[in-house]
Structure formats: structure tokens, C-alpha cells
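Take a look at the structure below.
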Amino acid sequence: MSATHQLRCVDCGVQTSADSISSDFRCPECNGLYEVLYPWSAGVHDSTTDAGGSQLRLPNPGGIRHLWQERRTSTLPIDQSGVWRFRELLPIVRNVEKVVTLCEGNTPLYDLPRCAELAGVDWLFAKHQGMNPTGSFKDTGMTAALSVAVERGFQWVACASTGNTSAAMAAYAARAGLRSIVFIPEGKIAWGKLSQSMDYGALTVQLKTDFDGCVRLLLELVRRFPIYLLNSVNPYRLEGQKTPAMEILEQMEWQVPEHLVVPGGNLANSSALGKGFLELKQLGMIPRVPKISVIQAQGANPLYRWFGDANREMNPVTAETRATAIRIGNPASWKKAARVIEQTGGWCEEATEQEIALAKAQIGAEGIGCEPASAVTLAGLKKLVVQGQVNRGERVVLLLTGHTLKDPQYTIDYHRGELLEPEELAGATADDLARHTELRKAPIVLEANQDVVLRTLEQQMNAQVPAGAGSPA
Ligand code: F0G
């Protein structure tokens, strides 16, 4: 094992040094993906000495918690970052002073009492990764992998994206003074995300294909040119994306939640969070890990199908969903996610378009807001409770991955009643239909006339007296 880390193929187990991997981050033996391996990773050492007999310098669990906490009051950028604050567990760059950071991480853990009631659990919190600098969880992974690109001397970076990875990559590349190339499926990403990659100066290429087609073309590009690939096949992305595990634990005073529910697209994030929790357990910092469950949109559900298939075969699908962030039919990291579900005892579910829209409106009605892909978590949780996978008394954390302003058109269409087709609503229960009606808040257009405005508002206010509200004292 090198001084800091090695890479291990998750398929065939071959280990290699970080400097000797190919530009597409695939194992030359079996085409598998790599994961970053440390002296404390599971299955690496069963003793605290290395092969030569010298003492391994493992992080000290007691001291480390204190150190991480102390850094919160520091003014150093690397301490203010909710990724690099945990740098003992991601020693992937030689000079941590030079990392590219936008003070990512440090995102809130909100309680969702009304959503908890709707889902049938007593304790429900949302870790809102949409509160990152570019509005999605991708920033935590991008600060890590882009810092590696800088250290290795790359001038160009690139990714294929459904919009959030590209927004994050463009921002971090701009901070570092690197040039970035973005491949996105034309007409299939939300405007907020497209505008970000332009704002941050990326060379933005809209391809007349889907996300999976963008990935194929990008791989050809990085094979031919010295461009650093920043899709989540890059294992360093996952090192940054594992840090919300540490933040959640800190925010819960090191109590381990019973369940974590995560949206699944390309399936890197669920595996990154699993890696985070499993490493903390391996280091003795927590006694157990939460169950990690992955929820997919019904129209982009290859992992859900794999999960329900007796032969456990993975078959890519042609993806279609309005939750465009997770409109992915051939997820690169599915084996990593599958392993995390199995290792943690989690589950896999799917959510229909109607269920996603309802869940998003319900989260929004608690004053939180998220993008559609994040709302699959609440939609999926409701099903996990009904099926008995999650019990009422268990503490559940939903991972909200993106900010509501990423895709305002979705929200506007929903509230105007223009989002869902009648056949999509046909699958809803009577209860759900009533909830849609209650939640929809289409804007009212009025003449700017005092009488009209006052009369209309009086009617509206009388019609919407909150339950239990009395007259003012
Ligand atoms: N939620 C949001 C908001 C996303 O943008 C993504 C992925 C996911 C969930 C799923 O995460 O792929 O790790 O399973 N977005 C990628 C992108 C694909 O290009 O922005 P995953």
C-alpha cells in the first residue's frame, strides 16, 4: 500500500497504484470500476502493521471527532469546506493546501414532521445537499476529483451530464483556471443547470442523444486527448461524496440513523455514502451502519429491475422520466450500489411520475423544496413503510440531492396542473388525488383593482383556514 491510497477494481479485485490507471478509469483486466483503498478500508489489512512490519498510521477515532469539530471555527478554506474538514479520511492529494474549494458541504439536516406523518414514521430528516454552492450534491465530489486533476497537471476536464455534474464541474474548473467540456442530452436537462455551465464558462455541447449516448461519445474524447474525466466513474468523486455520512453523524451527535434513502441515477452517490459509513465503522467510529435504500424513477429503473430479478441480471433500459437528473438507463456504478444495498441490508424501490410529483409538492409544502430527482426519496419511503422495510420507530434520513430552483419549470407546470397526463393521474389513489388538489397553488392573475384584489383574497383566505387556527386574540 502506498503512503496514502491505492485503487482496487470492484469486479476482479486487482489493486493498482493511482498513477497507472487509464483515462476512462476502467480496469484493463475486466473493465470494472475502481474504488479508492486506504489502510483502514475493509479487507485491506487485518493488523495495524504494513507488509514491511512498520506501524500503519490509522486515524485515531477519538481524536479525529474532536479535530473535525474544532475546524468548524477555523477561517482556513480547507477547514471551512465540509469535505476537506474530514481530510484524514480522504488523503487523495499530496498538498491539501492547494485543493479547489467553494466551501462545499456543511449542508443542513432539516426535520420533516409533516412528511414523516404522511410516510408513516415518527422521525424523518432531510440532509439537503441541494444547499451546496452550485445547488447539488455534486460539489462535494467535484472538489475532490478536480483537485486531483489540478495536482496531476491537467488543463482540460470533461463530463457527460444530466446537468448537475456539469454545473459543478464548470464552477470548480473556473475556480481553478482549467477549461471544461460538458456533454449534455439536448432538450433533456433543466434550464437552471444548462445556464450554470454557461455562466461558469464551460464549452457546452448539447448532443442529440440521451445521457447514455453522451457518455459513450465522451469516452472516445478522453481516450484521444489529455482530458481528465470527471464523471462518477472517477473514483475520487466518490471520496468527496462520502463526506455527508460524517456530517449526518455529527448532526445527530454520532447516533446512527437506522435508514438512509437515496435517489439512484448513475448509482455513484448511494455507493459513496455507503463507503463513507462503512469506513467509519471499520475505524470503530460507529458501531453499525444505516440501511441504505435506493429509489429510482419508474421510467429509469434498471437497478430496481435487477433487485427484483431472481437471477440478478442487469439489463439497461431506455430511460424516460421528468426527473431528468436521474434519466439514466445504463448506470455505470450499479455494481457498487448493489453491493452497498447488500452490505447494509437496504432495499430498492421505484416511484411513478405521479408519486414523484406528489412527494416533491409535500416536501415543498414544508418549506424545504428540492428538485424532482430528490423527491423520489419520499415517494420511495412511503412504499418501504407499507412493505415493512422501514418501521415507524426507525430514524430515517432522506438525501435531497438538488435545489428546487434547478428545475423551476417542473414546479410551475405542477402547480398549474399542466405536468401530469390524465393517464398518469389515473394510477393515483383517491387520497393522493385529494392531496394533489390541496397542494396545488397556481398563481392567480387579477386586475390591479383594489376591490377585486381584496374580495378575491378574502375568499381565498376564508377557504384556506389552517386546521386548528382560531380567530386572533
Ligand atoms: N439527484 C440529482 C439531483 C442528480 O443530479 C443525480 C445525478 C442523482 C440524484 C443521482 O445520483 O447518479 O450518483 O445515482 N446526476 C448526474 C448528473 C447523473 O450528470 O448530474 P447518482
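Using the numbering used here, read the sequence shown as starting at 881 and increasing by one per residue. In this text, a Cβ means the ideal position worked out from N, Cα and C, and glycines have one as well. These numbers come from a predicted model, not from an experiment.
Stretch-stretch touch, CB-based, cutoff 8 angstroms, three pairs: the segment 955-974 with the segment 1217-1225: In short, these stretches do not touch, since the Cβ pair count stays below three.
beta-carbon A1310 near the ligand F0G non-hydrogen atom, thresh 7 angstroms: For the ligand F0G, not one heavy atom lies less than 7 angstroms from the Cβ of A1310.
Within 8 angstroms, strictly: CB atoms of Q1131 and L989: Yes, these two residues count as a Cβ contact at 8 angstroms.
contact_flag[the segment 1253-1260, the segment 1209-1221] where n(CB pairs < 8 angstroms) is 3 or more: Cβ pair count under 8 angstroms is below three, so no.
Classification of M1022 by the beta-carbon crowding that lies within 10 angstroms, buried from 16 upward: Around the CB of M1022, 16 or more other CB atoms lie within 10 Å, so the residue is classed as buried.
C-alpha gap between T1201 and A1322, whole angstroms: Distance between the alpha carbons of T1201 and A1322: 23 angstroms.
Beta-carbon spacing of A1053, L1026 below 8 angstroms: Their beta carbons are under 8 angstroms apart, which means A1053 touches L1026 by this criterion.
H1139 in three-state terms, based on DSSP: DSSP places H1139 within a strand segment (E or B) once states are collapsed to three.
Closest Cα partner of T1204 within the set A1190, A1314, R1185, N1181: Comparing Cα positions, the closest option is N1181.
Bounding residues of the beta strand (DSSP E) (the contiguous stretch that carries F1063): Residue range 1059-1065 is occupied by the beta strand (DSSP E) that includes F1063.
Minimum length 3: unbroken beta strand (DSSP E) runs contained in the segment 1150-1223: If one requires a minimum length of 3 residues, the beta strand (DSSP E) runs lying completely within the segment 1150-1223 are 1171-1177, in chain order.
Span separating the alpha-carbon of D1092 from that of L1098: Pairing D1092 with L1098, the inter-Cα distance amounts to about 10 angstroms.
Cα-Cα separation, G1188 to V1141: Going from the Cα of G1188 to the Cα of V1141 covers about 18 angstroms.
Alpha-carbon to alpha-carbon, Y1116 and C907: When rounded, the distance between both Cα atoms is 15 angstroms.
DSSP state of T1084 mapped onto helix, strand, coil: Under the three-state reduction of DSSP output, T1084 falls in the strand class.
Whether R1320 touches P1137 by CB criterion (8 angstroms): Going by C-beta atoms, R1320 is not nearer than 8 angstroms to P1137.
CA-to-CA distance, Q1339 to L1118, given in whole angstroms: About 52 angstroms.
Presumed contact (8 angstroms Cβ cut-off) between G1307 and Q1234, rounded CB distance: Going by Cβ atoms, the distance from G1307 to Q1234 rounds to 6 angstroms, so yes, they are a contact pair.
CA-to-CA distance, E1251 to F905, given in whole angstroms: Rounded to whole angstroms, F905 to E1251 spans 30 angstroms at the Cα level.
Inter-stretch contact at 8 angstroms, needing at least 3 Cβ pairs: the segment 1284-1296 / the segment 1228-1247: In short, these stretches touch, since the Cβ pair count reaches three.
Where the beta strand (DSSP E) containing Q960 begins and where it ends: Element bounds for Q960: not the beta strand (DSSP E) but the alpha helix (DSSP H), 957-960.
For V1037, the residue or residues it bridges with in DSSP: Paired residue(s): S1060, Y1108.
C-beta contact flag for A1051 and T1020 at 8 angstroms: 8 angstroms or more divides the Cβ of A1051 from the Cβ of T1020.
Distance between L1158 and P1167 (C-alpha atoms, nearest Å): When rounded, the distance between both Cα atoms is 10 angstroms.
First through last residue of the alpha helix (DSSP H) which encompasses R1315: For R1315, the enclosing alpha helix (DSSP H) starts and ends at 1310-1319.
Straight-line Cα distance separating C1039 from N1111: Roughly 5 angstroms between the two C-alpha positions.
Classification of H946 by the beta-carbon crowding that lies within 10 angstroms, buried from 16 upward: Its Cβ having fewer than 16 others within 10 Å, H946 is exposed.
Between the CA atoms of T1317 and V1113 - distance to the nearest angstrom: Near 42 angstroms, if we compare the C-alpha coordinates of T1317 and V1113.
Residue range of the alpha helix (DSSP H) that includes R952: Annotation: R952 is outside any alpha helix (DSSP H) and is labelled neither H nor E by DSSP.
Collapsed DSSP secondary structure at V1030 in the structure displayed: When DSSP states are grouped into helix, strand and coil, V1030 belongs to the helix group.
Beta strand (DSSP E) runs wholly inside the segment 885-922, at least 3 long, in chain order: Correct list: 886-889, 914-917.
Enclosing alpha helix (DSSP H) for D1079 [first to last residue]: Secondary structure note for D1079: its alpha helix (DSSP H) is the uninterrupted segment 1071-1079.
Selected residue, minimal CA-CA separation from V1102, among G1072, S1060, Q1076: S1060 is the residue among G1072, S1060, Q1076 whose C-alpha sits nearest the C-alpha of V1102.
Span of the beta strand (DSSP E), counted from its first residue to its last, around C1228: Start and end: 1228-1231.
Inter-residue spacing [alpha-carbon to alpha-carbon] between N1191 and C889: The alpha-carbon separation between N1191 and C889 amounts to approximately 23 angstroms.
Residue range of the beta strand (DSSP E) that includes A1006: Secondary structure note for A1006: its beta strand (DSSP E) is the uninterrupted segment 1003-1008.
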